[in-house]
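Quick note on our numbering: the sequence shown kicks off at 143 and runs consecutively. Quick reminder that beta carbons are idealized off the backbone N, C-alpha and C, glycines included.
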Amino acid sequence: MAAYPRPPVNRQEVVLISDFELICDFQNLYLAHAAARRGKQGKKDIIHFELNLSEKICSMQNRLVNGSYAPGTYRQFYIFDPKVRLIHAPLYEDVVVQHCICDQVLAPLLEKRLIYDNAACRKNKGTHFAIYRLTAFLHEYYNLHGIHGYILKCDFKKYFSNIDHNVLKQKLARIIWDKDVLKLLFLIIDSYESEAEKGLPLGNQTSQWFALYYLDAFDRLIKEQLRVKYYTLYMDDCILIHESKEFLKDCLAVLWKFIADDVKLEFNEKTQIFPISNGVNYLGFHFYLTKTGKVIRKVHKTAKNRFKHSLRAMEKDFAAGAVELSEIQQRLCSYLGHLKHGHTYYLRQKTLREFVLVREAGTAGKKAEEN
143 MAAYPRPPVN RQEVVLISDF ELICDFQNLY LAHAAARRGK QGKKDIIHFE LNLSEKICSM
203 QNRLVNGSYA PGTYRQFYIF DPKVRLIHAP LYEDVVVQHC ICDQVLAPLL EKRLIYDNAA
263 CRKNKGTHFA IYRLTAFLHE YYNLHGIHGY ILKCDFKKYF SNIDHNVLKQ KLARIIWDKD
323 VLKLLFLIID SYESEAEKGL PLGNQTSQWF ALYYLDAFDR LIKEQLRVKY YTLYMDDCIL
383 IHESKEFLKD CLAVLWKFIA DDVKLEFNEK TQIFPISNGV NYLGFHFYLT KTGKVIRKVH
443 KTAKNRFKHS LRAMEKDFAA GAVELSEIQQ RLCSYLGHLK HGHTYYLRQK TLREFVLVRE
503 AGTAGKKAEE N
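Below you can see the structure in the form of structure tokens.
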């Protein structure tokens, strides 16, 4: 056999960098900080962090390298949109570390493993991707089967609070070979419990990727074994469409057993099978298919009430001088931008007519003075 000369190798250019080294890299930590601070520069914890930026990042880097890093305590607060949720927000230093982990390891690794229709918290996807994906499914279904068919809507019972730590660790250990990265991820997982060895905090960026990957086997069961073509998922809220009600009943029985055995979860009372003609609530909109095949997206009643409540709150805050006009404009544009993805023209026109901002005398600059 002829011997072929080996190409010359420049050993200075061949540098193998582990995933853990990527996380500990000073430049990557700085980039994570730059991304984490975007739109939040005025917050006290970020200002304090930036007073000695290089020292803070070097200290963080050293503790990661020598294994002494540990997540700090969480700050707790409630949000009321769309329902009451308890948020556990990490310290800003931990936000930076998690941002670096997600950017350098979790996102590149998990992005290529998740199914296409897993829409939450991913680049070039999100709520609007899922909205138009379901719309396309309904159009395609109508062209093949008309308006007759069924929807299985699945919703998990307290999803984030019931994610099992040991199950999650086993799943991560199958795809992450760097033991130092696993050790760091396990520290973050164990830094919070809703009950013994269960739960992920809603304030962690890593929780989003953990929650996405936790149901990957569930997604693949639906797409690859049950062969359901019309399936979309946004975090723990999923929809299956099929012409046969009996088929969806069989699917639901299989899925109930799978989530109990594989991920130790349960569906809640919102999980049910109903005719396509009833329409379906998904991501704040009520989707329904007309007899002519048109897909209508109307704002769901609860979402509409939530929107009106937010507008009234903005009017009161502005009148009291608690917020400035620029902030009101940003929030209003965000609301209206989301509404444009549905059939909401008259709702938006009515909203703008009724939304009136009046500032009480002597309140101008009140927010600035308090800061």
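- Here Val-309 has Val-405, Lys-406 as same chain residues with Cβ atoms under 7 angstroms from its own Cβ, once five neighbours each way along the sequence are excluded.
- Contact annotation: Val-370 and Leu-382 have beta-carbon atoms nearer than 7 angstroms.
- Sequence-distant Cβ neighbours of Val-465 in its own chain, meaning closer than 6 angstroms and more than five residues away, are Asp-459.
- Straight across, the Cα-Cα distance linking Ser-336 with Asp-167 is about 33 angstroms.
- Residue pairing by DSSP puts Asp-306 in a beta bridge opposite Lys-340.
- Partner residues in a beta bridge of Gln-367, as assigned by DSSP, do not exist.
- With a cutoff of 7 angstroms on beta-carbon distance, Thr-374 and Asp-259 are scored as near each other.
- Residues Cys-393 of the same chain have their beta carbon placed closer than 6 angstroms to that of Leu-368, with the five preceding and five following residues left out of the count.
- Taking a C-beta distance under 7 angstroms as the contact criterion, Phe-328 and Lys-311 qualify as a contact pair.
- Distances from the CA of Gln-246 to each of Val-437, Phe-162, Lys-412, Phe-429 were compared; the closest alpha carbon is that of Phe-162.
- Looking only at Thr-493, Ile-401, Val-437, the smallest Cα-Cα distance to Asn-285 is reached by Val-437.
- Distance from the CA atom of Lys-450 to the CA atom of Cys-263, rounded to whole angstroms, is 26 angstroms.
- Note on Lys-340: 16 or more other CB atoms within 10 angstroms of its CB, so buried under the neighbour-count rule.
- Judged by DSSP in its simplified three-state form, Pro-417 adopts strand.
- Exclusion of the five residues before and after Ile-364 leaves Val-370, Tyr-373 as the residues of its chain whose Cβ lies within less than 6 angstroms of its Cβ.
- The alpha-carbon of Glu-366 is positioned some 10 angstroms away from that of Ala-359.
- A distance of 7 angstroms or more separates the beta carbons of Leu-233 and Tyr-220.
- Ranked by Cα distance from Glu-388, the first of His-281, Ala-315, Leu-294 is Leu-294.
- One alpha carbon belongs to Tyr-216, the other to Leu-206, and they sit about 19 angstroms apart.
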